[in-house]
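Participant: Residue numbers (my numbering): 40 to 813.
Yeah, the Cβ is synthetic: ideal placement off N, Cα and C, and Gly gets one too.
Everything numeric in this text was worked out from a predicted model, so none of it was measured.
One structure, pasted below without further comment.
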């Protein structure tokens, strides 16, 4: 053995000892992917057998019925026939494969009243079934005897008793089936005409009855084993074994202990006049476990004897709110009646009462009926209510319904926070393990990247999202598989490539788009300088160096048509390429998208538009129009809400305010918080005559038109002598008019042989006609 092999052997031995210690202490290995990776790289069959055994025992520690674990144990024994540990664990459960062994002994009914042909056919079926079973029973008896001998050798008393019972029952089945075969043959031979000797029939029925008794005893062995396995952990243990949710676990554990304490006091004869309310409010973003927690709370209530049933009746607005007078009350009462003795769980409860609901919406009737039934003599105290929903919406919903809120003590409000990336990675590992996959260490890094991309706003699906990511990776692995058959270990790993999203190939980079813009040279330099600064701060962050705070909110000033919206889109693309923005999209909005006609509606409208923009850029055109001196105007509410949301979302939102210079300055002065958040100013100058002509030529060429040299010279002179408003917008509109003018001119000439060539050129006449229309 050379030095390198010795080092590998030493490392392997040390790691095996560490895994053994972890298995003994916790019952399983916390990071099985490392162990399985070691198996895939191990060339020594004895060591591979040892590692496979450890991996199998780890899986059995989490699930005693794990089928893959027994596949590994079988492979471990084949690699090293002397692996007694693998044999011992294999022998403990190997017998469960025999559950269906006696199923072939299923016989059709036999009746004395049947005619001769039917009796003979039935007898022949009995003979065939018995012969088929007896063909393989000797080999199976020998296998059971070998396993029985092995249990003696391994000194496993429990396994010995099980295999002994199975061997005895199979031997009895062998004997009775042989007797049944003989009786069936004699019965078959005795049938003559419509008569037969009743002695043979009785003998047949006797042995058939004995075979059925043996089958029942055989099945009972497996039923008893299954009952032991399915003795499930209690609800509190299930909660405590869930990933994350530390604050929730503490709150529910405290609640559990208090209920248990109250139960004990009752047993001792103490009076409990004021019972603790079982009604709960669960708030949290999607995928944080609200529904799961509601089901566990129902189990806890039942286990403590507080409620007679552990059943949860899950419902929502669609099942409660009716479409005509009286239907809603009937729906709510029906659901409550089904919930008696258990828990009524209403998901997205805030949707019962919608903002601005009309008289035709019966959501409030559902709430009023529920409150009445919760407190009334008929159903009050006979069921628990759990309401769930997103935090902000639930807060507003309960504030608007004080009668409902009073039925839920403040101490019974439980908020489920978003999972951290570390917790979501653990959930991903669990989801992969449920499907018999392992996630490599490199894949965990890729999952982290995916989660960062997905975590944009409060619609992020937490555990739901990470499970979808894992299932997508499993699908991709299977879809990309080109090998018809490979080693079992090859089917178990999810690699980084399985989690990587295929990038949409952008036709142009942000820098290429910027360079393609006509004019704006000083602005291009400023924007490139800002992007260079952003990239450097990102680089410093990644390398553990202090980073200067990045100010990205900007003010674009300039006349209409100077390219503000186009540059805003490129700016968003730049920030996505730098890794600052996750989506990099542009939302263009104006005053009408924010300001509502009634008090309180403007803030909601503004937040909705901001939510659309998260992970991208919100471009507010003519932003100065938000500032108004008229009474009853809600523009100031937009500005105040915007300032709050910009602080709340930090770098996840970039806002660009656009408009004329003087008006924009007045807007910023109107709110000190607004001024302090906009540090970057970009001015868009009007285009020169040469730049406008270049824009026109470019726009025409995009449709395969060309402005003739004569038309271009005439147009340039006109642009220099006359001021036209609209800048780039004017330029593109003029070209559109020129194209229409050219079409009218050419179509007026019949039989033009050179129409194809002429259709590509815009001449002076087309320019003059177009200008007259502008």
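Could you pull the start and end residues of the beta strand (DSSP E) that residue 453 belongs to?
Facilitator: Mapped onto the chain shown, residue 453 falls at position 414. That run of the beta strand (DSSP E) goes 452 to 455.
Participant: Determine the direct distance from the alpha carbon of residue 592 to that of residue 443, and round the result to whole angstroms.
Facilitator: Taking the chain shown and counting its residues from 1, one reaches residue 443 at position 404. Taking the chain shown and counting its residues from 1, one reaches residue 592 at position 553. Taking the straight line joining both Cα atoms gives about 42 Å.
Participant: For residue 298 versus residue 315, is the C-beta distance shorter than 9 Å?
Facilitator: What you label residue 298 is simply residue 259 of the chain shown in a count that begins at 1. What you label residue 315 is simply residue 276 of the chain shown in a count that begins at 1. Yes; because the gap between Cβ atoms is below 9 Å, this pair is in contact.
Participant: In three-state terms, what does DSSP make of residue 531?
Facilitator: Along the chain shown, one-based indexing puts residue 531 at 492. Residue state, collapsed to three classes: coil.
Participant: Is residue 450 buried or exposed, if buried means 16 or more other CB atoms sit within 10 Å of its CB?
Facilitator: Taking the first residue of the chain shown as 1, we reach residue 450 at position 411. By the 10 Å Cβ count, residue 450 comes out exposed.
Participant: How big is the Cα-Cα spacing for residue 558 and residue 330?
Facilitator: Within the chain shown, residue 558 is the residue found at index 519, counting from 1. Within the chain shown, residue 330 is the residue found at index 291, counting from 1. Our two residues, residue 558 and residue 330, have alpha carbons roughly 57 Å apart in a direct line.
Participant: Using 8 Å as the threshold, is the region 155 to 171 in touch with the region 207 to 227, meaning 3 or more CB pairs across them?
Facilitator: yes
Participant: Using only the alpha-carbon positions, how far apart do residue 301 and residue 310 sit?
Facilitator: By one-based count along the chain shown, residue 301 stands at place 262. By one-based count along the chain shown, residue 310 stands at place 271. Between residue 301 and residue 310, the C-alpha separation is close to 10 Å.
Participant: In terms of residue numbering, what span does the alpha helix (DSSP H) encompassing residue 493 cover?
Facilitator: Within the chain shown, numbered from 1, the residue matching residue 493 stands at position 454. From DSSP, the alpha helix (DSSP H) with residue 493 extends over 480 to 493.
Participant: May I ask you to report which of helix, strand or coil DSSP gives residue 635?
Facilitator: Stepping through the chain shown from its first residue, residue 635 is reached at position 596. Correct three-state label for residue 635: coil.
Participant: Excluding five sequence neighbours on each side, which residues of the same chain lie with their C-beta closer than 7 Å to the C-beta of residue 24?
Facilitator: Nothing about residue 24 can be reported from this structure: the residues present for the chain run from 40 to 813 only.
Participant: By the DSSP assignment, the beta strand (DSSP E) with residue 674 in it spans what residues?
Facilitator: Taking the first residue of the chain shown as 1, we reach residue 674 at position 635. DSSP places residue 674 outside any beta strand (DSSP E); the residue lies instead in the alpha helix (DSSP H), whose first and last residues are 674 to 688.
Participant: Under 9 Å, do residue 550 and residue 499 count as touching if we go by C-beta distance?
Facilitator: Locating residue 550 in the chain shown gives position 511, counting from the first residue. Locating residue 499 in the chain shown gives position 460, counting from the first residue. Taking 9 Å as the Cβ cut-off, residue 550 and residue 499 do not qualify as a contacting pair.
Participant: Could you check where the alpha helix (DSSP H) with residue 156 kicks off and where it finishes?
Facilitator: One-based indexing of the chain shown puts residue 156 at position 117. Taken as a continuous stretch (DSSP letters only), the alpha helix (DSSP H) holding residue 156 covers 155 to 193.
Participant: Nearest by alpha-carbon distance to residue 94: which of 719, 493 and 531 is it?
Facilitator: Numbered from 1 along the chain shown, position 55 holds the residue referred to as residue 94. Relative to residue 94, the option among 719, 493 and 531 whose CA is nearest is 531.
Participant: Under 9 Å between the Cβ atoms of residue 734 and residue 770?
Facilitator: Within the chain shown, residue 734 is the residue found at index 695, counting from 1. Within the chain shown, residue 770 is the residue found at index 731, counting from 1. Yes, they are a contact pair.
Participant: Relative to the C-alpha of residue 635, which residue among 458, 63, 448 and 674 is closest?
Facilitator: Position 596 of the chain shown, counting from 1, holds the residue named residue 635. Among 458, 63, 448 and 674, the Cα nearest to that of residue 635 is on 674.
Participant: Compare the Cα-Cα distances from residue 357 to each of 367, 79, 333 and 150 and report the closest residue.
Facilitator: Taking the chain shown and counting its residues from 1, one reaches residue 357 at position 318. The shortest C-alpha separation from residue 357 is found at 367.
Participant: By the three-class DSSP mapping on this structure, what secondary structure does residue 136 have?
Facilitator: The residue given as residue 136 occupies position 97 in the chain shown. Helix.
Participant: So, for residue 646: in the same chain, excluding its five sequence neighbours on each side, which residues have a beta-carbon less than 8 Å away from its beta-carbon?
Facilitator: Counting from one through the chain shown, the residue named residue 646 turns up at place 607. Here the set comprises 680 and 684.
Participant: Straight-line CA distance for residue 405 to residue 441?
Facilitator: Along the chain shown, read from residue 1 onward, the residue named residue 405 stands at position 366. Along the chain shown, read from residue 1 onward, the residue named residue 441 stands at position 402. Their Cα atoms are separated by approximately 15 Å.
Participant: Across which residues does DSSP place residue 359 in a beta bridge pair?
Facilitator: Start at 1 with the first residue of the chain shown, and residue 359 comes out as number 320. DSSP lists no partner for residue 359.
Participant: Helix, strand or coil: how does DSSP classify residue 727 here?
Facilitator: Locating residue 727 in the chain shown gives position 688, where the first residue counts as 1. Coil, per DSSP.
Participant: For residue 603, does the three-state DSSP call read helix, strand or coil?
Facilitator: Mapped onto the chain shown, residue 603 falls at position 564. Helix, per DSSP.
Participant: In terms of residues, what are the limits of the beta strand (DSSP E) holding residue 319?
Facilitator: Indexing the chain shown from 1 puts residue 319 at position 280. Unbroken beta strand (DSSP E) run through residue 319: 319 to 323.
Participant: Check this for me: beta carbons of residue 777 and residue 809, under 9 Å apart or not?
Facilitator: Taking the first residue of the chain shown as position 1, residue 777 is located at position 738. Taking the first residue of the chain shown as position 1, residue 809 is located at position 770. Yes, these two residues count as a Cβ contact at 9 Å.
Participant: In the structure shown, what three-state DSSP assignment does residue 312 receive?
Facilitator: Reading the chain shown from its first residue, position 273 is the one you call residue 312. It is coil, neither helix nor strand.
Participant: Buried or exposed: residue 267, going by 16 or more other Cβ atoms within 10 Å of its Cβ?
Facilitator: Along the chain shown, read from residue 1 onward, the residue named residue 267 stands at position 228. Residue placement at residue 267 cannot be trusted, given a pLDDT of 48 that sits under 50; what the coordinates show is reported in the next sentence. Looking at its Cβ environment, which holds fewer than 16 other Cβ atoms inside 10 Å, residue 267 is exposed.
Participant: Using only the alpha-carbon positions, how far apart do residue 766 and residue 598 sit?
Facilitator: Within the chain shown, residue 766 is the residue found at index 727, counting from 1. Within the chain shown, residue 598 is the residue found at index 559, counting from 1. One C-alpha to the other measures close to 8 Å.
Participant: Would you mind sorting residue 216 into buried or exposed? The rule is 16 or more other CB atoms within 10 Å of its CB.
Facilitator: On the chain shown, position 177 is the one that residue 216 refers to. Burial call: buried.
Participant: Does the beta-carbon of residue 723 have 16 or more other beta-carbons within 10 angstroms, so that it is buried, or is it exposed?
Facilitator: Position 684 of the chain shown holds residue 723. Looking at its Cβ environment, which holds 16 or more other Cβ atoms inside 10 Å, residue 723 is buried.
Participant: Short of 6 Å in beta carbon distance, which residues of its chain neighbour residue 41, apart from the five on each side in sequence? Order them along the chain.
Facilitator: Counted from its first residue, the chain shown places residue 41 at position 2. Residue placement at residue 41 is poorly supported in this model, since its pLDDT is 46, which falls under 50; the coordinates are not used for a value here.
Participant: Among the candidates 257, 255, 296 and 305, whose CA atom is the shortest distance from the CA of residue 275?
Facilitator: Here residue 275 corresponds to residue number 236 of the chain shown, with the count starting at 1. Among 257, 255, 296 and 305, the Cα nearest to that of residue 275 belongs to 296.
Participant: Could you work out which residue in 212, 127, 214 and 172 is closest to residue 197 when comparing CA atoms only?
Facilitator: For this step, residue 197 is matched to residue 158 along the chain shown. When each option's Cα is compared against that of residue 197, the closest is 127.
Participant: DSSP three-state call for residue 248: helix, strand or coil?
Facilitator: Your numbering for residue 248 matches position 209 in the chain shown. Three-state DSSP puts residue 248 in a helix.
Participant: On a Cα-Cα basis, can you pick out the residue from 249, 482, 115 and 706 that is closest to residue 125?
Facilitator: Reading the chain shown from its first residue, position 86 is the one you call residue 125. The shortest Cα separation from residue 125 among 249, 482, 115 and 706 belongs to 115.
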